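**Student:** Sequential numbering of the sequence shown, starting at 1, is according to full-length UniProt numbering. All C-beta atoms in this analysis are idealised placements derived from N, C-alpha and C, irrespective of residue type, glycine included. Bear in mind the structure is a predicted one, so any value in this text is a computation, not a measurement.
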Amino acid sequence: KPLSVKIIEPASSLVADRRYEVLCETTGSRPNAIITFYKGKRQLRRTKDETLNNTTRSELSFVPSVEDDGKTLTCRAENPKVTGLFLETTWKLNVVYPPIVTLRLGSTLSAEDIKDGEDVYFECHVQANPQWRKLYWLHDGIILTHNASARVIRSNQSLVLQRVTRSSSGNYSCSAVNAEGETVSNQLSLRVKYVPVCATDKVIIIGAFRGEDLNIVCEVESDPPPRSFRWKFNNSGETLDVGRERHHRNGSMRSILHYTPVSDQDYGTLSCWAQNEVGAQQNPCLFQIVLAGLPSAVKNCTVSNQTAHSVEIQCIAGYDGGLPQVFVLELVSPRTGKLRRVTRSSSGNYSCSAVNAEGETVSNQLSLRVKYVPVCATDKVIIIGAFRGEDLNIVCEVESDPPPRSFRWKFNNSGETLDVGRERHHRNGSMRSILHYTPVSDQDYGTLSCWAQNEVGAQQNPCLFQIVLAGLPSAVKNCTVSNQTAHSVEIQCIAGYDGGLPQVFVLELVSPRTGKLRYNITNTDEPIFVIESMENLMSFDSMDDRSLKVIVFAVNQKGRSSGVILRDFPFGGELENRSEASFDTSFHLSPIVFGTMLTLFILCCVILGRMYTSRRSHSNDTLSSSKQSSTLLCKQDPSKVKKAAKSNLRWQHSDSGVKEQVIGGAPGRESSSHPGGLPTEPYDVGDDERDPDVIPSQYVPDEMENCLATEWNHQDSIFSEQFTKHDNRPKDLLLKPLSSADFQLIAPTNSNYLQHQHDIVPNGELDINVHAIKTMLMATRVPESCV
1 KPLSVKIIEP ASSLVADRRY EVLCETTGSR PNAIITFYKG KRQLRRTKDE TLNNTTRSEL
61 SFVPSVEDDG KTLTCRAENP KVTGLFLETT WKLNVVYPPI VTLRLGSTLS AEDIKDGEDV
121 YFECHVQANP QWRKLYWLHD GIILTHNASA RVIRSNQSLV LQRVTRSSSG NYSCSAVNAE
181 GETVSNQLSL RVKYVPVCAT DKVIIIGAFR GEDLNIVCEV ESDPPPRSFR WKFNNSGETL
241 DVGRERHHRN GSMRSILHYT PVSDQDYGTL SCWAQNEVGA QQNPCLFQIV LAGLPSAVKN
301 CTVSNQTAHS VEIQCIAGYD GGLPQVFVLE LVSPRTGKLR RVTRSSSGNY SCSAVNAEGE
361 TVSNQLSLRV KYVPVCATDK VIIIGAFRGE DLNIVCEVES DPPPRSFRWK FNNSGETLDV
421 GRERHHRNGS MRSILHYTPV SDQDYGTLSC WAQNEVGAQQ NPCLFQIVLA GLPSAVKNCT
481 VSNQTAHSVE IQCIAGYDGG LPQVFVLELV SPRTGKLRYN ITNTDEPIFV IESMENLMSF
541 DSMDDRSLKV IVFAVNQKGR SSGVILRDFP FGGELENRSE ASFDTSFHLS PIVFGTMLTL
601 FILCCVILGR MYTSRRSHSN DTLSSSKQSS TLLCKQDPSK VKKAAKSNLR WQHSDSGVKE
661 QVIGGAPGRE SSSHPGGLPT EPYDVGDDER DPDVIPSQYV PDEMENCLAT EWNHQDSIFS
721 EQFTKHDNRP KDLLLKPLSS ADFQLIAPTN SNYLQHQHDI VPNGELDINV HAIKTMLMAT
781 RVPESCV
């Protein structure tokens with residue numbers, strides 16, 4: 001009997017309709033075992049066997065199907081010499097496949113007997129491994145969403161259509177999605193039977209002479225087609241049925257009535273009804289038969305208010321021939337012809353011009369006024385977002401000549417169309433009507449239509465207003481910064497919910513120190529922004545604005561979303577010119593930092609000066625040699641003096657006050673052993689002893705003071721001449737108004753600043769400012785306790 005049998009590395013899942021090789025191994029059988037594969041109870045024979053020592057391997061090649069999901073694959077090892085001595089192992093198959101979707105009409109419904117106003121439901125059956133995660137419903141290829149106000153209800157794997165209408169007819173299908181793919185079901189055709197309705201909802205006016213033969217066509221729409229038609233005549237005195245012999249069918253949807261008005265009693269209203277197996281037509285097709293003829297000519301035409309630019313022509317209308325009439329003015333020229341079928345665009349000033357050998361002359365102008373029916377001031381559907389209970393004043397504005405006589409409003413919410421009462425809207429000027437409207441429930445959201453009418457006729461295409469449930473937009477999400485360079489950066493976000501209204505996206509750059517808005521961008525399409533010329537955004541007023549805070553938010557008609565704050569990022573100029581920036585900061589030290597540095601500097605100078613004075617007081621020979629050096633120093637060439645004294649600094653005072661002497665180099669350096677050191681004179685130590693808190697100071701003779709003062713003035717004039725060249729204070733940074741995604745930065749450039757950088761005196765030579773301040777502070781002897 002075999003000692004072991006196993007399937008080598010079985011897969012966790014198998015994809016349906018894909019070929020796989022399964023390897024099974026057994027050991028310990030003498031003689032070698034025979035391996036057999038079973039799927040369920042059926043033996044699989046497509047195998048390859050190999051034997052090595054007492055180990056046998058068998059490879060099975062098979063293609064799993066959808067039906068194999070959940071079945072067991074068995075590998076059995078059996079000793080061929082002994083019946084019943086076998087060992088087997090099993091493997092439960094996990095076969096994955098895209099959804100298998102089937103659409104069925106509700107079990108209680110009959111597809112051939114669905115009528116207008118009934119409820120219909122569909123069931124979507126899905127078989128899938130892994131389980132489906134999304135389910136869609138489609139009507140004629142368009143995805144259906146849950147809409148209770150439109151009576152479309154989705155519930156798990158069912159779709160319910162309440163009170164279906166003829167517009168609900170069409171092909172329906174469902175689609176399911178899992179990890180293996182998406183599958184669309186079979187299509188079911190929904191046929192909704194309905195009673196006949198007239199092909200047009202307008203009253204048709206037909207003008208006829210007495211004795212004129214008319215063929216009046218009544219056309220309807222219905223499913224199934226009408227079985228019969230009937231006609232009636234009404235002349236405000238009585239209603240009469242029209243005999244069947246006077247009308248006949250023309251196709252499945254039309255009836256033609258032969259009618260001849262003879263007397264005045266034959267002019268009135270003809271009504272047409274159709275009937276099919278669902279029922280009789282509720283609202284008939286109407287035809288107004290009027291005594292008609294050619295209109296009479298206008299009369300008593302007068303020309304008035306004629307100027308060089310305009311003229312007014314007024315006439316009295318004649319008999320309209322029993323039919324609505326319009327009036328046309330044609331400007332006829334014997335040489336050029338005339339205007340035909342004028343429209344409102346034909347209005348304006350007309351003139352003619354004649355040319356001969358002597359020149360050209362332009363005639364007087366005539367102003368043409370073309371009257372027309374009202375048209376909407378805008379040809380777009382206006383979307384209005386509103387909360388529940390929000391009071392709206394909706395303005396319907398039209399253009400017409402003459403102004404409208406009246407306005408009417410209707411409301412449609414995909415379920416029904418309702419007339420809006422006149423008490424809810426009023427005129428505002430000659431061309432506008434304002435409707436007061438407050439949506440309370442879901443049924444109050446839909447489309448409002450507005451028509452106007454003047455003496456020419458009624459407006460043909462209404463002004464449309466889409467009322468939607470609205471709110472503030474959601475914040476953008478997943479904002480990323482990419483393509484960042486020293487000069488530009490790109491910021492991309494994903495738009496959130498728009499609140500039911502069109503939204504735009506705004507990016508603001510704000511100073512993290514002051515909160516001041518530095519720049520803003522608007523994108524009307526998507527939250528993607530590209531900021532260019534970043535070096536122009538640098539703040540010259542404060543050295544703290546080396547980075548900007550980025551805030552992105554969405555805006556719709558109801559307001560703005562919460563802002564998404566991105567990390568601060570540095571300017572392009574900061575990334576490129578850090579050395580220049582660090583140099584520039586030396587001229588913008590804050591008062592606290594400056595005061596601290598000055599205090600430390602004075603303290604160091606006082607300590608070094610005291611050490612220097614102590615050493616000098618013990619050697620009169622050194623004082624004598626210093627006097628000689630001083631005399632020599634004043635006689636030397638100024639350039640040599642400057643070179644020789646770069647490391648010498650002393651604080652001195654005379655009877656008139658303290659003076660500072662700097663000969664090159666940075667303050668605070670001294671060398672007592674330098675052969676060119678400045679001479680000093682003995683001073684009374686007793687003065688300091690009487691005031692032990694006073695720091696001993698060195699005295700300089702008047703002649704040496706004059707020498708040093710000359711060098712001081714020479715250095716100061718050089719510094720003043722160089723330093724006054726630079727005025728790096730910026731102009732105002734102009735922010736572009738919030739408008740569009742296309743933008744251009746307008747900011748001061750650094751051209752002047754960079755142009756003079758090579759002229760700036762090195763940092764060591766500019767310390768003269770510090771020495772001047774130090775001189776002022778040391779004008780009197782400072783108590784040591786104060787230091």
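Should the segment 77 to 86 be regarded as contacting the segment 152 to 167, the criterion being three or more beta carbon pairs within less than 8 Å?
**Tutor:** no
**Student:** Could you name the residues of the same chain whose beta carbon sits closer than 6 Å to that of Ala452, not counting the 5 residues immediately before and after it, in chain order?
**Tutor:** Only residues of its own chain outside the window of five on either side were considered, and among them Pro374, Val398, Pro404, Phe407, Gln459 have a CB closer than 6 Å to the CB of Ala452, listed in chain order.
**Student:** Grab me the residues of Gln492's own chain with a C-beta within less than 6 Å of its C-beta, minus the 5 sequence neighbours each way, in chain order.
**Tutor:** Thr480, Ile528
**Student:** Buried or exposed for Pro226, please, with buried defined as at least 16 other CB atoms from any protein chain shown within 10 angstroms of its CB.
**Tutor:** buried
**Student:** State buried or exposed for Thr26, treating a residue as buried only when at least 16 other CB atoms are found within 10 Å of its CB.
**Tutor:** buried
**Student:** With a 10 Å radius around its C-beta and 16 neighbouring C-beta atoms as the bar for buried, classify His425 as buried or exposed.
**Tutor:** buried
**Student:** Using C-beta distances below 8 Å, list every residue in its chain close to Lys71, excluding the 5 sequence neighbours before and after it, in chain order.
**Tutor:** The beta carbon of Lys71 sits closer than 8 Å to the beta carbons of Lys39, Gly40, Lys92, Leu93 from its chain, once the five residues preceding and following it are set aside; these are given in chain order.
**Student:** Thinking C-beta only, is Ile7 closer than 7 Å to Glu78?
**Tutor:** Here Glu78 is not near Ile7, since their CB atoms are 7 Å or more apart.
**Student:** DSSP state of Gln443, grouped into three classes?
**Tutor:** helix
**Student:** Flag this pair as touching only if the segment 179 to 187 and the segment 95 to 103 have three or more C-beta atom pairs under 8 Å; answer yes or no.
**Tutor:** yes
**Student:** Could you tell me which residues DSSP pairs with Ile565 in its beta bridges?
**Tutor:** Ile551
**Student:** In chain order, what are the residue ranges of uninterrupted beta strand (DSSP E) at least 3 long that sit wholly in the segment 404 to 492?
**Tutor:** 406 to 412, 417 to 419, 425 to 427, 432 to 437, 447 to 453, 463 to 469, 477 to 482
**Student:** Taking the beta carbon of Lys193 as the centre, do at least 16 other beta carbons fall within 10 Å, making it buried, or is it exposed?
**Tutor:** buried
**Student:** Alpha carbon to alpha carbon, how far is Thr361 from Val298? Give it in angstroms, no decimals.
**Tutor:** 33 Å
**Student:** If we ignore side chains and look at the alpha-carbon of each, how far apart do Asp266 and Ile289 end up?
**Tutor:** 8 Å
**Student:** Which one of Leu52, Pro64, Lys1 has the shortest CA to CA distance from Leu14?
**Tutor:** Pro64
**Student:** Mind checking which residues open and close the beta strand (DSSP E) that includes Cys198?
**Tutor:** 194 to 198
**Student:** Are the CB atoms of Ser449 and Pro439 nearer to each other than 7 Å?
**Tutor:** It is not a contact, given that the beta carbons lie outside the stated cut-off.
**Student:** Given a cut-off of 7 Å, decide if Val152 and Tyr121 are closer than it, judged by their beta-carbon atoms.
**Tutor:** no
**Student:** How far does the beta strand (DSSP E) with Ser259 in it extend, from its first residue to its last?
**Tutor:** In the sequence as displayed, the identity of residue 259 is Tyr instead of Ser. For Tyr259, the uninterrupted beta strand (DSSP E) segment begins and ends at 254 to 259.
**Student:** Alpha carbon to alpha carbon, how far is Val504 from Ser533?
**Tutor:** 24 Å
**Student:** Does DSSP classify Thr522 as helix, strand or coil?
**Tutor:** strand
**Student:** Is Val510 closer than 7 Å to Leu517 when the C-beta atoms are compared?
**Tutor:** yes
**Student:** Sorted by chain position, which residues of the same chain lie with C-beta nearer than 6 Å to Ser363's C-beta, five sequence neighbours on each side aside?
**Tutor:** Correct list, in chain order: Ser351, Cys352.
**Student:** Determine, using beta carbons only, whether Ser169 and Arg191 come nearer to each other than 7 Å.
**Tutor:** Yes; because the gap between Cβ atoms is below 7 Å, this pair is in contact.
**Student:** Leaving out five residues before and five after Ser12 in sequence, what residues of the same chain have Cβ atoms less than 8 Å from its Cβ?
**Tutor:** Excluding positions up to five away in sequence, the list reads Asn94.
**Student:** Is the beta carbon of Phe233 closer than 7 Å to that of Ser255?
**Tutor:** Annotated as distal: Ser255 and Phe233, with beta-carbon spacing of 7 Å or more.
**Student:** Please state if the CB of Gln187 and the CB of Ser173 are separated by a distance shorter than 7 Å.
**Tutor:** yes
**Student:** Quick check: what's the CA-CA separation for Thr51 versus Ala16?
**Tutor:** Distance from the CA atom of Thr51 to the CA atom of Ala16, rounded to whole angstroms, is 31 Å.
**Student:** Under the three-state reduction of DSSP, which class applies to Asp116: helix, strand or coil?
**Tutor:** coil
**Student:** Exposed or buried, what is Val126 when buried is set at 16 or more other beta-carbons lying within 10 Å of its beta-carbon?
**Tutor:** By the 10 Å Cβ count, Val126 comes out buried.
**Student:** Kindly give me the distance between the Cβ atoms of Asn454 and Pro402, rounded to whole angstroms, as I take these residues to be in contact under 8 Å.
**Tutor:** Indeed they touch by this definition, with Cβ atoms about 5 Å apart.
**Student:** What are the residues that DSSP puts in a beta bridge with Asp241?
**Tutor:** Lys232
**Student:** Taking DSSP as the reference, what is the three-state secondary structure of Glu277?
**Tutor:** coil
**Student:** Candidates Leu144, Tyr497, Ala148, Asn156: which alpha carbon is nearest Arg133's?
**Tutor:** Selected option, being the one with the closest Cα: Asn156.
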